[in-house]
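Note sheet for the following structure.
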Amino acid sequence: MSRFSEQLSALMQGCAQILSEKELTAKLALGRPLRVKLGVDPTSPDIHLGHTVGLSKLRQFQELGHEAILIIGDFTAMIGDPSGRSATRPHLTHEQVMEHAKTYQEQAFRILDPEKTEIRYNGEWFGKMTFQDVMRLDSRVTLQQMLQREDFRERIDKGQPVRAHEIQYPIMQGWDSVVIKADVELGGTDQLFNILVGRDLQHEEGMHQQVAMMLPILTGLDGVQKMSKSLGNAVGVTESAGEMFGKLMSISDAQMEEYYRLLLHERIPADSHPMEAKKSLAERLTARFHSTAEAGRAREEFELRFSKKDLESADLPSYNPPSDLPRDIITLGVNAFESVLGGKKSKSDLRRLVEGGSVSWKGEKVTDPKAIIPVGEAGVLKLDRRNAVRIG
RNA sequence: GGGUAGGUACCGAAGUGGCCAAACGGGGCGGACUGUAAAUCCGCUGGCUUACGCCUUCAGUGGUUCGAAUCCACUCCUGCCCA
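If you're matching positions, the first sequence starts at -2 in this note's numbering and goes up one per residue.
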């Protein structure tokens, strides 16, 4: 067999859908490096595991000698992809977007080979277009086409607003493909519509149409919605080993299968205990973004802290309250969150935690919100399920 | 531009003068149980100088009232129908 067919089957692995396999085969058979496009919109400053599904596929193309083009959608991000959205996205300024773009690019290189990646900002072409250009571009598609999208339909049916600039989004993404002359575009299954618009526009320009390679979308930690930072269900690639490990351990057994498949490209070992399987998943993914050693340490720490519930020997952040701070449990808790744990908790939040029986001092449950921790006493203050500090 | 229905806490949604910090559901958080899983049960879910007390909230502003999320006026925003 030729190396094209080997490539083909390797590349097809993990894809949800390819439009079409035949076209992809034909393109591979050309024997030249293909231009493979993946677009990301820097709507938030961090890349998470969901993004890595597409990035890894792009990396695979790179390794096979193809050209990877990473589009940083600095212009499209200002609209926000309406795909799968039930509401208009909040508007971002170009400055905000560019700031995100910087970290995005950096983080994407944790997966991609920087030497072999062509980074393009779509502001490069959209920023130069005149209003006339925009009108000409828009005239190539019909409103009906754009309104076929399920997410628009749904919003219309529910009487929710769809703003005019939102239907601009697929057109822009499609135009990106024309400009960079993409042979293949990668994207999550929710990108199908946008990618097909790219094909239409390429066709109109008399170009060869890009192949659409649809990748499955990773579900977030809640097990329901797609992973997204703004939904708070994401695991960021820059998170600490401990956080990463812990977050991955919190997914449900049912979801583990998906994570194994999409992120490790494996099935769950048949004979392993679900918890062992999950620990192994968490450890391997953590190692991917940190080191094997760090991942191992994260695992040990997790076991110590949560399985053995040994907070005393766990590696907790230490918190030394300022000497003039009142020593009551609530004030200490609020300040501990603020200064070392991160997160904003009000006194009422803390009161609820205390009254709910979540707080303990040196292993003893504290249920009196007025309890005082005397100055000079040292010990572990547990605040909620995953947050505890060492005082003194 | 005309008509009409709306804008309530993270979301959905009740409430149409005092019993409203605001029903109910979802989500989230906490507890018990566990494998920081799932399921189940229970509690919490605006804030506060220390609380059966106070303060700020029901798109915004200004009124009417002893008293307003609820009534009135104007403004802003959204859907639908008509042009």
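Every residue gets a Cβ at the ideal spot worked out from N, C-alpha and C, and that includes glycine.
Where residue i falls: helix, strand or coil (DSSP)
{"i": "residue 202", "result": "coil"}
{"i": "residue 65", "result": "strand"}
{"i": "residue 182", "result": "strand"}
{"i": "residue 287", "result": "coil"}
{"i": "residue 357", "result": "strand"}
{"i": "residue 302", "result": "helix"}
{"i": "residue 23", "result": "helix"}
{"i": "residue 315", "result": "strand"}
{"i": "residue 307", "result": "coil"}
{"i": "residue 28", "result": "coil"}
{"i": "residue 261", "result": "helix"}
{"i": "residue 90", "result": "coil"}
{"i": "residue 160", "result": "coil"}
{"i": "residue 125", "result": "coil"}
{"i": "residue 382", "result": "coil"}
{"i": "residue 270", "result": "coil"}
{"i": "residue 368", "result": "coil"}
{"i": "residue 238", "result": "helix"}
{"i": "residue 233", "result": "strand"}
{"i": "residue 168", "result": "helix"}
{"i": "residue 15", "result": "strand"}
{"i": "residue 217", "result": "coil"}
{"i": "residue 35", "result": "strand"}
{"i": "residue 155", "result": "coil"}
{"i": "residue 6", "result": "helix"}
{"i": "residue 351", "result": "helix"}
{"i": "residue 296", "result": "helix"}
{"i": "residue 130", "result": "helix"}
{"i": "residue 322", "result": "coil"}
{"i": "residue 275", "result": "helix"}
{"i": "residue 387", "result": "strand"}
Cβ shell of residue i (< 8 Å), same chain only, five flanking positions each side left out
{"i": "residue 202", "result": "175"}
{"i": "residue 184", "result": "35, 36, 51, 191, 192, 209, 210, 211 and 212"}
{"i": "residue 134", "result": "126, 168 and 172"}
{"i": "residue 314", "result": "337, 338, 386 and 387"}
{"i": "residue 153", "result": "144 and 159"}
{"i": "residue 228", "result": "217, 219 and 222"}
Sequence-distant residues of the same chain with beta carbon closer than 7 Å to residue i, five excluded per side
{"i": "residue 206", "result": "196, 199 and 200"}
{"i": "residue 328", "result": "322"}
{"i": "residue -2", "result": "Model confidence at residue -2 stands at a pLDDT of 47, short of 50, so the residue's coordinates are unreliable; what they give is reported in the following sentence. Around residue -2: no qualifying Cβ."}
{"i": "residue 61", "result": "4"}
{"i": "residue 301", "result": "307, 310 and 311"}
{"i": "residue 53", "result": "108"}
{"i": "residue 244", "result": "218 and 232"}
{"i": "residue 256", "result": "248 and 278"}
{"i": "residue 347", "result": "327, 330 and 331"}
Proximity winner among the options, relative to residue i (alpha-carbon distances)
{"i": "residue 351", "options": "374, 335, 339 and 382", "result": "382"}
{"i": "residue 18", "options": "325, 279 and 4", "result": "4"}
{"i": "residue 71", "options": "53, 101, 110 and 370", "result": "101"}
{"i": "residue 298", "options": "239, 325 and 287", "result": "239"}
{"i": "residue 291", "options": "177, 305 and 242", "result": "242"}
{"i": "residue 230", "options": "47, 15, 296 and 21", "result": "47"}
{"i": "residue 225", "options": "161, 6 and 80", "result": "80"}
{"i": "residue 49", "options": "262, 274 and 272", "result": "262"}
{"i": "residue 345", "options": "270, 283, 366 and 1", "result": "366"}
{"i": "residue 187", "options": "12, 0, 371 and 1", "result": "12"}
Residue i: CB within 7 Å of a non-hydrogen atom of the ligand ATP
{"i": "residue 54", "result": "Within the structure as shown, the ligand ATP is missing, as the structure has no ligands at all."}
Residue j beta carbon less than 8 Å from that of residue i
{"i": "residue 96", "j": "residue 42", "result": "yes"}
{"i": "residue 265", "j": "residue 246", "result": "no"}
{"i": "residue 76", "j": "residue 33", "result": "no"}
{"i": "residue 165", "j": "residue 194", "result": "no"}
{"i": "residue 38", "j": "residue 85", "result": "no"}
{"i": "residue 234", "j": "residue 218", "result": "no"}
{"i": "residue 180", "j": "residue 31", "result": "yes"}
{"i": "residue 107", "j": "residue 286", "result": "yes"}
{"i": "residue 374", "j": "residue 353", "result": "no"}
{"i": "residue 377", "j": "residue 359", "result": "yes"}
{"i": "residue 280", "j": "residue 296", "result": "yes"}
{"i": "residue 44", "j": "residue 105", "result": "yes"}
{"i": "residue 64", "j": "residue 115", "result": "yes"}
Cβ-Cβ separation, residue j to residue i (assumed contact under 8 Å), whole Å
{"i": "residue 312", "j": "residue 369", "result": "With 8 Å as the limit, residue 312 and residue 369 do not qualify as a contact, their Cβ atoms being about 27 Å apart."}
{"i": "residue 380", "j": "residue 356", "result": "6 Å"}
{"i": "residue 215", "j": "residue 278", "result": "Actually they do not touch by this definition, with Cβ atoms about 13 Å apart."}
{"i": "residue 145", "j": "residue 109", "result": "Not confirmed; about 33 Å, so no contact."}
{"i": "residue 248", "j": "residue 220", "result": "7 Å"}
Neighbourhood of residue i by C-beta distance below 6 Å, restricted to the same chain and skipping five residues each side
{"i": "residue 98", "result": "39, 69 and 71"}
{"i": "residue 14", "result": "211"}
{"i": "residue 161", "result": "none"}
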